[in-house]
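Inspection log for the structure reproduced underneath, given as structure tokens.
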Amino acid sequence: MHQTNNFLFKSLNNAQLNAVKHINGPLLVVAGAGSGKTKALTHRIANLIENNSVDPHNILAVTFTNKAAKEMKARLQVLLAQEIALNQFGQPWSTLKEFDQNQLRTNIDQERLRDLWIGTFHALFSRLLRYDIEKYQDPEGLTWTRQFSIYDETDSQTLVKEIVGQDMSLDPKRFDPKKIKRAISNAKNQCFTANDLEEKADNHFDKVIADAYRRYRISLSKNNALDFDDLLLLPVFLLRQNDLVRDYWHKRFQHVLVDEYQDTNRTQYELIKLITAGNTEPNKFCEWNDRSIFVVGDADQSIYSFRAADFRILIGFQEDFKNSSNNNQKASLVKLEENYRSSSNILTAANSLIENNTERIDKVLRSTREEGELLKLLSCDDEISEAEAITTKLRSLNNYNNQPIWKNFAILYRTRAQSRVLEESLVRWRIPYTIFGGLRFYDRREVKDAVAYLKVLVNSSDNISLLRIINVPRRGIGKTTIQKLNELSNKLNIPLWEVINDKQSLDETIGRSSKGINKFTELMNDLLCYIENSGPAQILQLILEKSGYLSDLLTSGSEESEDRRNNLQELINAATQFEEETENPDVEGFLSTAALTTDNDTKKNHPNSVTLMTLHNSKGLEFQNVFITGLEQGLFPSHRSIDTPSLLEEERRLCYVGITRAKERVFLSHARERRLWGGMREATIPSIFLSEIPEELIDGELPQSGGASIRRDRHLDRLTRVDRKDLNESINRPINAVRKLYSGPSKGKSWLIGDKVIHSKFGKGEIIHIFGSGEKISLAVKFGDKGSKILDPRLAPIRAIN
DNA sequence: CGTCAAATAATTTTT
DNA sequence: TTATTTGACG
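Everything in the first sequence is counted per full-length UniProt numbering, starting at 1 for the first residue and increasing by one.
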């Protein structure tokens, strides 16, 4: 063995080594938060390439976010560069000049890793479709070409709305287009066709959805467009039906790696199976020589089930990929349980919390670090005091530095609406902050307009984009004109573009309204002359100039239009960058990138500011100090999840994700009263999650401002306490193992954990948890087959039984 | 055809 | 409260 082995392996712990050294066959890596899973992934790829002569051309590495893909690629480059530096130049990478480092990395990227497919599910499989979509034979006879448009959420929503409202003439009050879109999306993510839905439908509503699904698909095809879900679903059908195509991709991708496997949905799972095992069921597949499937994930961090992600796919991996030729031996498993991020108090808290979930893979995060500080509880009067308490903490923790380090702090919340109050407080104290998420760069109006021009130039069937720009900038084309043209297009069954591009018949049908239309078609035909020989950046420039879009913005001269102009310049920069980075930078490719890029990944490393984001957005990140806000029943956990155990467990995982983001300190805050939307105040009950963290790990503190003056001892009365002894006993037991005596409310009936009750709807049950205090308590009651419910004893139709 | 004001709805959102 | 969408009017 050469010394490269040493180098690749030396910084890994035993579990990581086992993962990295696994070569052929299936492997599941259960990777807890902060356990170095990206390290395992990148080192494994490097090991395949460098020590096992695997051609990068034969590797497929799939992630869920562009950011993760980018990071993986960058780390892989460095790994390979380090090796080359050592072997070829005889000096460690770190001693090379920065210029030489970059040179080497670029070299590696362009030569060694050129054919390595690493990216998001959507990016990679849309790429596959750009090659092979024309080989797809749809059972309903629908077709697409390789110039297909990708519709984002808004575009496809518009289309569904059109179909439901006009095509099917349904009352949008009874059949909410948003709900229908969601239902269709859900079906697509579970690999169901419209026919499948039709067969399953046992009520009117489901039949309507199946019908809408079928029409929506036809409509997409007429527009030569695909939505996000299709980028995964269509490849599944294509690979299933076309042996040649399937064989090609199956043979090509001998080593498949999937990151965040707990977030895969059924359709993605089908894709992975088709690529890995071809037409064979994976547990019947035996040709594992020179072939592997390597999935990494953490069921405890599955927080996207509302987008049809299903972590049971991860839990089932060992069974799915078991070896039928060897005693039905289960697929191998490696657990990464050593956490390098958080202090041990934080980890113990997170572990105790997640123990309350029932659907898990047994796993405990082990700390590699010192005990650290206790988690701090901030009990506040209302959401304003909460914000004030947080900013006060922020300032006091930074007082000891003459240079405040704001970037060490993150404030996490369950819903976007919570950010406003926090912002106000931060502004008041002049604390710099950055809000994550929100409007995508490519979702800005002017950017979407410009991109829509490109889309129509490439794909003239794309009516959504055509209608978006036909009167932008103003050409005096109104609603009635457009409606007439649409009707004509439908009647003659000719694409809208061809209808408006036929000057003569246009004059006949709409007379003088055709003036604006002609202006538009002349512009587009002019632009079409350039499409063959110019890159996306130049065409964008031409679009903005020739359409008058830019000059319109210039004449208005407002601050807003200046912003717009900057954004458009930014778009051209993005196109230029795309041309520089891409081997064959055609407009179609740029459009795919534009559709599949969020600016979370392009956003430059934020300056020294506090980060504000939703708990969902925080997954995969880490911060020195983390605030988790709004820990109240109905907010976190959200009211939609509170009486459905599986949803409640997902909220708990979300809380687990939040806590495990922190390296040094965790602050948990809740407000006793919160203005919801509108003026009304609502008294709150502290979150059940607070009661699931061992009391001795939490330090209740007196908030320094905002008049939130409740003391620790008074506060803790409000929570159900969990004794250490009971907690230890509860480990490895289901949720109802945590039991304690609770002194009930002063008035009315007092309740005890363990009491049996009878509910008029759910039948007999047992109280497994009590939280809140005084008049405001809630009971968690477990009803045999009906699962657990959270009930208010003052309202719920229950009575005690023996 | 375009603008303004009333009406309406409100978890989370890797692509 | 706010963001977005609808529809009446000039």
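Yeah, the Cβ is synthetic: ideal placement off N, Cα and C, and Gly gets one too.
Quick caveat: nothing in here was measured; it's all calculated off a predicted structure.
Mind checking residue i: buried by the 16 CB within 10 Å criterion, or exposed?
| i | result |
| --- | --- |
| residue 139 | exposed |
| residue 427 | exposed |
| residue 55 | exposed |
| residue 97 | exposed |
| residue 429 | exposed |
| residue 613 | buried |
| residue 580 | exposed |
| residue 417 | exposed |
| residue 99 | exposed |
| residue 323 | buried |
| residue 178 | exposed |
Between which two residues does the alpha helix (DSSP H) carrying residue i extend?
| i | result |
| --- | --- |
| residue 685 | Note, residue 685: premise wrong, no alpha helix (DSSP H); not H, not E. |
| residue 219 | 204-222 |
| residue 625 | Element bounds for residue 625: not the alpha helix (DSSP H) but the beta strand (DSSP E), 623-628. |
| residue 669 | Counting along the chain, residue 669 falls outside any alpha helix (DSSP H), though it belongs to the beta strand (DSSP E) covering 662-671. |
| residue 184 | 177-189 |
| residue 421 | 419-428 |
| residue 482 | 479-492 |
| residue 78 | 66-88 |
If you run the structure through DSSP and keep just helix, strand and coil, what is residue i?
| i | result |
| --- | --- |
| residue 22 | coil |
| residue 644 | coil |
| residue 117 | strand |
| residue 57 | helix |
| residue 639 | coil |
| residue 295 | strand |
| residue 674 | strand |
| residue 450 | helix |
| residue 339 | strand |
| residue 766 | strand |
| residue 27 | strand |
| residue 258 | strand |
| residue 758 | strand |
Just curious, the beta strand (DSSP E) that residue i is in, first and last residue?
| i | result |
| --- | --- |
| residue 227 | 225-227 |
| residue 410 | 409-413 |
| residue 610 | 610-614 |
| residue 631 | From DSSP, residue 631 is part of no beta strand (DSSP E); its letter is neither H nor E. |
| residue 380 | 375-380 |
| residue 434 | 433-435 |
| residue 150 | 149-151 |
Given this structure, state the Cα-to-Cα distance separating residue i from residue j, to the nearest angstrom.
| i | j | result |
| --- | --- | --- |
| residue 293 | residue 51 | 18 Å |
| residue 28 | residue 62 | 15 Å |
| residue 622 | residue 156 | 34 Å |
| residue 343 | residue 656 | 15 Å |
| residue 542 | residue 278 | 46 Å |
| residue 19 | residue 261 | 15 Å |
| residue 803 | residue 630 | The chain is shown only over 1 to 802; residue 803 falls outside these bounds and no answer can be derived. |
| residue 130 | residue 147 | 8 Å |
| residue 270 | residue 531 | 37 Å |
| residue 653 | residue 459 | 43 Å |
| residue 692 | residue 300 | 16 Å |
| residue 471 | residue 447 | 16 Å |
| residue 106 | residue 283 | 40 Å |
| residue 526 | residue 518 | 12 Å |
| residue 116 | residue 259 | 16 Å |
Does the distance from the C-beta atom of residue i to that of residue j stay below 9 Å?
| i | j | result |
| --- | --- | --- |
| residue 658 | residue 65 | no |
| residue 468 | residue 564 | no |
| residue 640 | residue 383 | no |
| residue 810 | residue 189 | Within the shown structure, residues of the chain are numbered from 1 to 802, placing residue 810 beyond reach of any answer. |
| residue 363 | residue 32 | yes |
| residue 597 | residue 433 | no |
| residue 462 | residue 149 | yes |
| residue 35 | residue 333 | no |
| residue 359 | residue 651 | no |
| residue 368 | residue 340 | yes |
| residue 201 | residue 210 | yes |
| residue 136 | residue 238 | yes |
| residue 252 | residue 592 | no |
Check whether the Cβ of residue i sits closer than 8 Å to any heavy atom of the ligand ADP, and report yes or no.
| i | result |
| --- | --- |
| residue 652 | The model on display carries no ligand, and the ligand ADP is accordingly not part of it. |
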